[in-house]
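Visitor: One structure is given below, represented as structure tokens, and several questions about it will come after.
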Amino acid sequence: MRQLTLLFLMAIGPSVWGQTIPVYTFYDSVRVNVGGRALPDPWAGGLNSAQFSTVDLNGDRRPDLVVFDRTANVLLTFINTASGYQSAPEYAALFPPELENWCLLVDYDGDGRKDIFTHANLGVRVFRNETPVGGQLTFRLARQSLPVRGLSGNVFNLSIDATDIPAITDVDDDGDLDILNFIPAVGNSVEFNRNVSRERFGHSDSLIFERATARWGNFDECAQCNEFKFGPSTCRSEAVEHAGSTLLALDLNGDSIKDLLLGDVSCSNLIALQNVGTAREANFTGFNPAFPTSRPVNIPVFPAAYTEDVDQDGILDLLVSPNADRNDGLQIDFVNSAWFYKNIGTNAQPDFQFRQTNFLQDRMIEVGEGSKPAFVDVDGDGDLDMLVSTAGQRRSAAEGFRARIYLFDNTGTSANPQFNLLNDNYLDLNALNVRFARISVADLNNDQMPDLVLSYTPNVPLSSRGQLAYVLNTATTGQGLRVNLANLQPLMVEGFGTNDEALFINVDADNDLDLLVGKTTGALQYHENTGNLAFSLRNPQAGGIAGDLISLGLSLAVADLTRDGQPDLITGDRGGNLLIYPNFLRNFGGNWTPQRDFVLNRLTNRTSAYAFGYLAGGVLPAVYQTDLVLGTTAGGLRYLRSSGVITAIGEDGLASQENYQVYPNPTAGQLQIRVGRPAQVEVFSLIGQPIWAGRVVGSQQLDLSGLASGMYVVQFTHTSGKVVRKVTVQR
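What follows is the structure, encoded as structure tokens:
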């Protein structure tokens, strides 16, 4: 790859002119082996509470996979390939960012393109799929909320509890999409919101709802697990609290009438209810608490069911995952939280047979939740190995929820790493019985050898606060990392709490390492090393980073990403933000301005601030060479490869007194170049890929019609320097 030294002008404000900007792209070619098997999709990012839908992402008329992970409010996109689903995160950036709690893709207007239904404060938000034939995936907001005419005749917003997942399907078999949901807040029965688009207009492309009944199927779900009342019998008044339920309506027995699969927040099983009524008048008289019979679902908290054809045989399969926004009670094993049942029957009469508990998860690095990578030469062979610490896993009831450290040996080279899982309980951290572990390395005793730093929260007692400790490396030069947790020494740091994270760096140039603490609140603290690893709080909001309700859980890394010989600070947070603060030590006492727009989307040919989650999407950064490796709330990893750095200058930069023009801009393809004096002209993509080069005298027309829409760079070089113009190709 060409080293980028372009003088680059893009749509950025004057505040960054004169700075160098790193450019990153998602990268999936670093091989990872687990148990002697190469993971097909190692850097997909992990899964916790998965909601499954299919949609054509790339226009090849094959159903690709979209997974919304509730714990992180993050959307994952997978392209359908001959070798299985492959992570394609660029497509996720084409979806609306305002997705939270639940997200289902269903074709409501009958145009063959699936649309988005998602939770909103006002009820249900709908985005229509308006992807042009042969064009890029496009969604437009169709409804901010859905009105429904109630049983009284009044019109109000169709509201669904944030905890719940509704059933969005053609319930009454009349050709348009209806919605089933539990009555919000206190409801123990299911509302049937009938779409009357067919009745009124003769087509299905409208979202006009009327409340047909507030007790669809004549049943109540009571407060206890597997407690239902049917017919005129109802739950006791003290046993009708509705804390959360998931619904999936489908035909289970081939009678062309919608039956129901139901999950409850306090239950581990999936309940099947057979409809003995009709399509328009449902009626349930009993239930099966052990579904599917081949191997009943057993997920500790809140199972939710989805049907999609994920093995490409034309028949809808069953997928089940917890509908949890967090690991409440630390009961869920998020390494095995995507259950797959193959349908060996038909769509009309399914026969769901159990296949695995880790659908997709077995194709990627998956360590549970809260993964934080770190890189250090563990074995002394001269390259960087990868350590991944975790918030925890629940492998058994006896063991409970405990953090681990995974050791991946680098069996490749420094320039081309390849990682092989050697140990899933490195240093026997599991025996320490802690949770929320985050590991890093630093030379704490100034012996030119990396030491190990660990933050964690003891499991006993459960009220324990976060702790910070270290282990000195006893290895000599060339031996790598020799540490033993029996020698773990506490570091006393004022106010260090659960999920706080430590980063050691020499701030004041006094030959010892000071401490930056990323707080759970999102603030950045600076603690000065006053000698012998004693630290004193000097600034509770270093760089002006104070945190807010979105950017909680600040995670830290440091490296020279801009390649100017000075350290840059990298931060991630639970808002899904990944930020770079260039050369932050130069103005350490002031407020720092972050760079956000440095992830290049190859579909749009634009750099942007990629959303690694929304409100709860944790991103925990580390650096390999100049690449970024990101841990996630969902216990996986993302790999961002450095494509070089770009120097940003203003229009009044070097040699701008000369007349160098490009027009029209934007252009549909034909670009006119005019120079005031002869110059060598080069056209590049944003990552430095050469597109055209030649000498121009006076003017010349270029045909850019073969390029994808997006932003490009035109560089003029002459005897007195360089001039750069940005060009947008837009069709």
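Quick note on numbering: my numbering labels position 530 of the sequence shown as 600, and the sequence is numbered without any gaps. The beta-carbon is built from N, C-alpha and C at its ideal position, and this holds for glycine as well.
Could you tell me how far apart the beta carbons of Glu291 and Asn258 are, in whole angstroms, since I believe they sit closer than 8 angstroms?
Guide: Confirmed, Cβ separation roughly 5 angstroms.
Visitor: Taking C-alpha atoms, which residue in Cys295, Thr95, Ile509, Asp498 lies nearest to Pro520?
Guide: Closest by alpha carbon: Ile509.
Visitor: What's the C-alpha gap between Leu400 and Gly470?
Guide: Their Cα atoms are separated by approximately 8 angstroms.
Visitor: Touch check for the segment 597-612 and the segment 482-495: three-plus C-beta pairs under 8 angstroms?
Guide: The segment 597-612, when compared against the segment 482-495, does not touch it at the 8 angstroms Cβ threshold.
Visitor: With C-beta atoms as the reference, is Gly115 less than 8 angstroms away from Ala704?
Guide: Yes, these two residues count as a Cβ contact at 8 angstroms.
Visitor: Quick check on Asn227: does DSSP put it in helix, strand or coil?
Guide: Three-state DSSP puts Asn227 in a strand.
Visitor: Write down the C-beta distance between Gly768 and Val745 rounded to the nearest angstrom, noting that I regard them as a contact closer than 8 angstroms.
Guide: Sure, about 7 angstroms apart at Cβ, within 8 angstroms.
Visitor: Count the other CB atoms within 10 Å of the CB of His273; is the residue buried (16 or more) or exposed (fewer)?
Guide: It counts as exposed.
Visitor: Can you tell me where the beta strand (DSSP E) holding Arg268 begins and where it ends?
Guide: No beta strand (DSSP E) holds Arg268; the alpha helix (DSSP H) holding it covers 267-271.
Visitor: Looking at the strands, I want to know which residues DSSP matches up with Val100.
Guide: Beta-bridge pairing links Val100 to no other residue.
Visitor: Let me know the secondary structure DSSP gives Asp248 once reduced to three states.
Guide: Strand.
Visitor: Which residues in the same chain have their Cβ closer than 6 angstroms to the Cβ of Gly347, if we skip the five residues on either side of it in sequence?
Guide: Asn353, listed in sequence order.
Visitor: Can you tell me the Cα-Cα spacing of Phe445 and Gly645, whole angstroms?
Guide: Going by the C-alpha atoms only, they are around 24 angstroms apart.
Visitor: Got a sec? Which residues, its chain only, sit under 8 angstroms from Gln518 by beta carbon, not counting five neighbours each side?
Guide: Correct list, in chain order: Thr547.
Visitor: Can you give me the Cβ contacts of Thr569 inside the same chain, cut-off strictly under 7 angstroms, excluding the 5 residues immediately before and after it?
Guide: Checking the sequence, you will find Asn at residue 569 rather than Thr. Closer than 7 angstroms at the Cβ level, and outside the excluded window around Asn569, lie Phe506, Gly536, Thr590, Gly623.
Visitor: Throw me the rounded Cβ distance for the Leu169 and Thr141 pair, which I believe falls under 8 angstroms.
Guide: Rounded, the Cβ-Cβ distance is 13 angstroms, inconsistent with contact.
Visitor: As an exercise, report each continuous beta strand (DSSP E) stretch of at least 3 residues that is fully enclosed by the segment 191-227, in chain order.
Guide: The qualifying runs are 193-199, 209-213, 217-219, 225-227.
Visitor: So the candidates are Gly193, Thr208, Leu499, Glu439; which of them puts its Cα closest to the Cα of Lys184?
Guide: It is Thr208.
Visitor: Roughly how many angstroms separate the alpha carbons of Asp403 and Gly683, rounded to a whole number?
Guide: Using only the alpha carbons, I get a separation of about 21 angstroms.
Visitor: Relative to the alpha-carbon of Cys295, which residue among Phe372, Ala349, Asp325, Pro236 has its alpha-carbon at the smallest distance?
Guide: Considering only alpha carbons, the answer is Phe372.
Visitor: So, Asp334 versus Leu343, is the Cβ gap smaller than 8 angstroms?
Guide: No; because the gap between Cβ atoms is not below 8 angstroms, this pair is not in contact.
Visitor: Using a threshold of 8 angstroms, state whether the C-beta atoms of Pro133 and Asp126 are closer than that.
Guide: Yes, these two residues count as a Cβ contact at 8 angstroms.
Visitor: Is it buried or exposed for Arg264, if we count other Cβ within 10 angstroms and need 16 for buried?
Guide: It counts as buried.
Visitor: Residues in the same chain with beta-carbon distance under 6 angstroms from Pro84, minus the five sequence neighbours each way, listed in chain order, please.
Guide: At Pro84, the pLDDT of 33 sits below 50, so the modelled position is not reliable and the matter cannot be decided from this model.
Visitor: What is the residue span of the beta strand (DSSP E) that Ala692 lies within?
Guide: From DSSP, the beta strand (DSSP E) with Ala692 extends over 689-694.
Visitor: Report the start-end ranges of each beta strand (DSSP E) in the segment 122-151 that is 3 residues or longer and not cut off at the edges.
Guide: Within the segment 122-151, the complete beta strand (DSSP E) runs of at least 3 residues are 134-139, 144-151.
Visitor: Flag this pair as yes or no: are the beta carbons of Val100 and Leu109 separated by less than 8 angstroms?
Guide: No. Outside cutoff.
Visitor: Considering only DSSP beta bridges, list what Phe354 is partnered with.
Guide: Asn345.
Visitor: Using the Cα positions of Tyr155 and Gly706, report the straight-line distance between them to the nearest angstrom.
Guide: The alpha-carbon atoms of Tyr155 and Gly706 are separated by roughly 16 angstroms.
Visitor: Does the Cβ of Phe566 have 16 or more other Cβ atoms within 10 Å, making it buried, or fewer, making it exposed?
Guide: Result: buried.
Visitor: Between the Cα of Asn199 and the Cα atoms of Leu192, Arg213, Pro420, Ser267, which residue gives the shortest distance?
Guide: Looking at the Cα atoms, Arg213 is the closest of the given residues.
Visitor: For the structure I just gave you, are there three or more beta carbon pairs, one from the segment 225-232 and one from the segment 375-388, closer than 8 angstroms?
Guide: No: fewer than three Cβ pairs fall under 8 angstroms.
Visitor: Does the count of Cβ pairs from the segment 415-425 and the segment 479-488 closer than 8 angstroms reach three?
Guide: Counting Cβ pairs under 8 angstroms, fewer than three are found: no touch.
Visitor: Please go through the same chain and pick out, in chain order, the residues whose beta-carbon is closer than 8 angstroms to the beta-carbon of Asp513, but skip the five residues on each side of it.
Guide: For Asp513, where only same-chain residues beyond five positions count, the Cβ hits under 8 angstroms are Met519, Pro520, Asp521, Leu583.
Visitor: Cβ of Ile847 within 8 angstroms of Cβ of Gln665?
Guide: The question about residue 847 has no answer here: the residues shown for the chain are numbered 71 through 801.
Visitor: Identify the continuous beta strand (DSSP E) that holds Gln733 and give its terminal residues.
Guide: The sequence shown places Tyr at residue 733, rather than the Gln named in the question. Per DSSP, Tyr733 belongs to the beta strand (DSSP E) from 730-733.
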